[in-house]
Ligand code: NCD
């Protein structure tokens, strides 16, 4: 893996439009070095990752396959630095590292690290880079993973950073697993094209929808429908991006009106950790943005229901047993696509595909 250097001043790098950051983040062949933003992934790369994830999950079915995968990057160590709560993203990255034989270290509570003694996050991250070969980080702060990538790129020991969720801004690897789930769900019925994807809930502060919307733009004729009361509607920046890319999209609060047209419904929870009881959004009635037995009746037989999880009551538990409920499989897909991303980042793609071919 060639080391990537972001060899421009931080303020200059920070101010670049997102698309112009991409060449600083990808290795040769458009493979990510740092994975920070959904803009780094085009359709070819998304298809490539899906193929690699499929190979890894097939290989992992046998003991000899598992042994093969475990030696791929057993000489590398990953640090999971999660200063914001996480279950699935943390565990799926942790499992992905184990599948590829990577040793892991973790900080989940900054009160147990030297940050508590007043050390800056920059210094902490530089410390991790002395002991590890990859940093996977989640933070409530928008842009922190980007800043850390820049700090590391300009340190004695540059190592890749993967953004596992940055504030209300981006969650690129969640969007990768969402796309992978859509690809697999529609693989026998023409693939991920000519579909209507309906996103519901807190689209203003939910970072998963923001990254997913960006990745969906890569696929032909995907209509994006954003369903929320005005206070939770998707940001102007996403709407402008969709307009600039000529994508067909719709902003509405009429959930039942769009449900019969949906090929995929992506439910999300209200992200109220970002406000308090006095916030005007707390007065908004969100009962019309929940998925239960009535909504199941309005949904096409071939459509799927997704959720990044955790859920509250926006999907009723009785929906779980419907064959269209995809969220548990979606969650497991996260482990495979994250393993694929790490394997790709560390240059193991061909070895995996060759092994798969030789052992079909
Ligand atoms: C999401 C997140 O953290 O943004 N969860 C996840 O990573 N699967 C969604 C959420 O917290 O609602």
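Residue numbers (our numbering): 761 to 1120.
Yeah, the Cβ is synthetic: ideal placement off N, Cα and C, and Gly gets one too.
Q. Whose C-alpha, out of 880, 934, 776, 910, is nearest the C-alpha of residue 1099?
A. The residue given as residue 1099 occupies position 339 in the chain shown. It is 934 whose Cα lies nearest to the Cα of residue 1099.
**Q.** Element boundaries [alpha helix (DSSP H), containing residue 1015]
**A.** The residue given as residue 1015 occupies position 255 in the chain shown. First-last of the alpha helix (DSSP H) with residue 1015: 1015 to 1018.
Q. With a CB to CB cut of under 7 Å and the five nearest residues on each side skipped, what residues in its chain are close to residue 1156?
A. Not covered by the structure: residue 1156. The range shown for the chain is 761 to 1120.
Q) Is the Cβ-Cβ distance between residue 1028 and residue 1082 less than 7 Å? A) Start at 1 with the first residue of the chain shown, and residue 1028 comes out as number 268. Start at 1 with the first residue of the chain shown, and residue 1082 comes out as number 322. No, the Cβ-Cβ distance between residue 1028 and residue 1082 is not below 7 Å.
Q) Distance, Cα to Cα, residue 780 vs residue 768? A) For the purposes of this step, residue 780 is taken as the residue at position 20 of the chain shown. For the purposes of this step, residue 768 is taken as the residue at position 8 of the chain shown. Rounded to the nearest angstrom, the two C-alpha atoms are 13 Å apart.
**Q.** residue 977 burial status per 10 Å Cβ neighbour count (16 or more: buried)
**A.** Here residue 977 corresponds to residue number 217 of the chain shown, with the count starting at 1. It is buried - the Cβ of residue 977 has at least 16 other Cβ atoms within 10 Å.
**Q.** C-alpha gap between residue 860 and residue 1093, whole angstroms
**A.** In the chain shown, the residue the question calls residue 860 occupies position 100. In the chain shown, the residue the question calls residue 1093 occupies position 333. So the alpha carbons of these two residues sit roughly 16 Å apart.
Q: Note down, in chain order, each residue of its chain lying with its Cβ closer than 8 Å to the Cβ of residue 1063, except the 5 sequence neighbours on either side.
A: If you number the chain shown from 1, residue 1063 lands on position 303. Correct list, in chain order: 1022, 1023, 1024, 1025, 1084.
Q.
Whether or not the region 956 to 975 and the region 998 to 1010 are in contact is what I'm after, with contact meaning three or more pairs of Cβ atoms, one per stretch, closer than 8 Å; do they touch?
A. yes
**Q.** Heavy atom of the ligand NCD within 6 Å of residue 848 beta-carbon
**A.** In the chain shown, counting from the first residue as 1, residue 848 sits at position 88. It does: the Cβ of residue 848 is within 6 Å (strictly closer) of some heavy atom of the ligand NCD.
(Q) Contact between the region 1095 to 1110 and the region 839 to 858 is defined here as three or more beta-carbon pairs at a separation below 8 Å; is this criterion met? (A) yes
Q: Helix, strand or coil for residue 868, going by three-state DSSP, please let me know.
A: Residue numbering aside, residue 868 sits at position 108 when the chain shown is read from its first letter. In the structure shown, residue 868 sits in coil (DSSP, three-state: anything other than H, G, I, E or B).
Q: Tell me, please, whether the region 826 to 846 touches the region 890 to 903 by the rule of three or more beta-carbon pairs shorter than 8 Å.
A: yes
Q | Per-residue DSSP class, three states only, for residue 789 | A | As a position in the chain shown, residue 789 is number 29, starting the count at 1. Of the three classes helix, strand and coil, the one that applies to residue 789 here is helix, per DSSP.
Q | Reduced DSSP category for residue 894 - H, G, I as helix; E, B as strand; rest coil | A | Along the chain shown, read from residue 1 onward, the residue named residue 894 stands at position 134. Residue 894 falls in the strand class under three-state DSSP.
Q) If you drop the 5 nearest sequence neighbours on each side, which residues of the same chain put their C-beta closer than 6 Å to that of residue 955? A) To locate residue 955, count along the chain shown from 1; it is residue 195. Excluding positions up to five away in sequence, the list reads 982, 1023.
(Q) Between which two residues does the beta strand (DSSP E) holding residue 814 run? (A) Translated into the one-based positions of the chain shown, residue 814 becomes position 54. Unbroken run through residue 814 is the alpha helix (DSSP H), 803 to 819; no beta strand (DSSP E).
(Q) Nearest by alpha-carbon distance to residue 775: which of 845, 872, 910, 806 is it? (A) The count along the chain shown starts at 1 and reaches residue 775 at position 15. Among 845, 872, 910, 806, the Cα nearest to that of residue 775 is on 910.
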